[in-house]
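Residue numbers (full-length UniProt numbering): 1 to 230. Structure first, then comments.
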Amino acid sequence: MAKNLGNNRCTYPSMEFPLSFNNSSMLSFGQPYTITAQFTLPDSPKNAMLGMNIVSLSLLDDDHKLIEEFRKPFSVPYHSDLVRIVNRLLLMPFYAFQFLEEHGLAIVQLASGYKNQDVRPVMFGRIVLESHELVWTDASVKFFVRLSAFRSWLYFWPISSFLIVTLSLFTFVHLLCFLSIICALVGGFQVNGVKLFVEGTRSSPHPVSASSHKGAASTSSASEKLSHVD
């Protein structure tokens, strides 16, 4: 971190970092994010006596204009003198050979479920530690996102997701074309059958009517013959 004179909060230590890749914001529009800041603080009496401190995070656009700001208080993790003595006695060999260091980790949750609803994309971030007395050795800002099942596949396995989606799309298109051809063929057979049936019904009355006339003529002639015989 370096001291920034343009943060309107005196000369608190601050750091500006990019939030873009290839001129595109790494924060998606409308996607909820959880933002945390982590500070590595030496376990010293000075830090323990400072009490509450404030950390702020500003999200900026491409012109370094403010989009959103978060401010949260935090304090150094408290350990009593008895716990410190017992901890140092038990872990003294590790401290002596520098396998462990006497420091604590302060995690500050700046935002939970933050969504960028502004039309301007987030391109930069600026973190400010509003304290001149706090001693720290490392600081970081982390953005956590919870992806859905499909989005997680696209993010962690992009090539496999592309192949699966492409094969599924081609399979669906081929199946749709096959069903369309089958429906067209079945529909054509049904239409031809209906036409043949209609033609058959239209031609059927002529022979039936002829046979009926012949039957009437034969019955009339038979009755005339019977009358002559009488």
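Where a beta carbon is used, it is the ideal one built from N, C-alpha and C, also for glycine. None of the values given here were measured: they were computed from a predicted structure.
Work out the CA separation of residue j and residue i for me, nearest whole Å.
{"i": "residue 270", "j": "L57", "result": "Residue 270 lies beyond the stretch modelled for the chain, which goes from 1 to 230, so this question has no answer here."}
{"i": "V141", "j": "T171", "result": "45 Å"}
{"i": "V55", "j": "Y78", "result": "18 Å"}
{"i": "L167", "j": "I159", "result": "12 Å"}
{"i": "V185", "j": "P32", "result": "As written in the sequence, residue 185 is Leu, which differs from the Val given in the question. Approximately 52 Å between the Cα atoms of the pair."}
{"i": "W107", "j": "V173", "result": "Note that residue 107 is Ile in the sequence shown here, rather than Trp. Cα to Cα, the separation comes out at about 51 Å."}
{"i": "G51", "j": "R84", "result": "18 Å"}
{"i": "Y114", "j": "T34", "result": "6 Å"}
{"i": "F17", "j": "D118", "result": "20 Å"}
{"i": "K72", "j": "M26", "result": "23 Å"}
{"i": "L105", "j": "S152", "result": "30 Å"}
{"i": "T11", "j": "Y95", "result": "35 Å"}
Residue j and residue i - do their beta-carbons sit closer together than 8 Å?
{"i": "L19", "j": "G187", "result": "no"}
{"i": "T40", "j": "D138", "result": "yes"}
{"i": "P121", "j": "D61", "result": "yes"}
{"i": "N53", "j": "S131", "result": "yes"}
{"i": "Y155", "j": "L163", "result": "no"}
{"i": "L100", "j": "L90", "result": "no"}
{"i": "H103", "j": "D63", "result": "no"}
Among the options, which one has its Cα closest to the Cα of residue i?
{"i": "F143", "options": "F156, V119, S112, S152", "result": "S112"}
{"i": "S24", "options": "L59, F99, M123", "result": "M123"}
{"i": "L110", "options": "I127, L100, S152", "result": "I127"}
{"i": "V76", "options": "Q117, L134, L27", "result": "L134"}
{"i": "residue 235", "options": "P93, W136, L59", "result": "Outside the shown range of the chain (1 to 230) lies residue 235, about which nothing can therefore be said."}
Can you say whether residue i is buried or exposed, counting buried as having 16 or more other CB atoms within 10 angstroms of its CB?
{"i": "L129", "result": "buried"}
Output the boundary residues of the alpha helix (DSSP H) element that contains residue i.
{"i": "L154", "result": "149–156"}
{"i": "residue 232", "result": "Look at the range of the chain in this structure, 1 to 230, and you will see that residue 232 is not part of it."}
{"i": "P45", "result": "45–48"}
Go to residue i, then tell me how far its beta strand (DSSP E) extends in each direction, as first and last residue.
{"i": "P13", "result": "13–18"}
{"i": "K72", "result": "66–75"}
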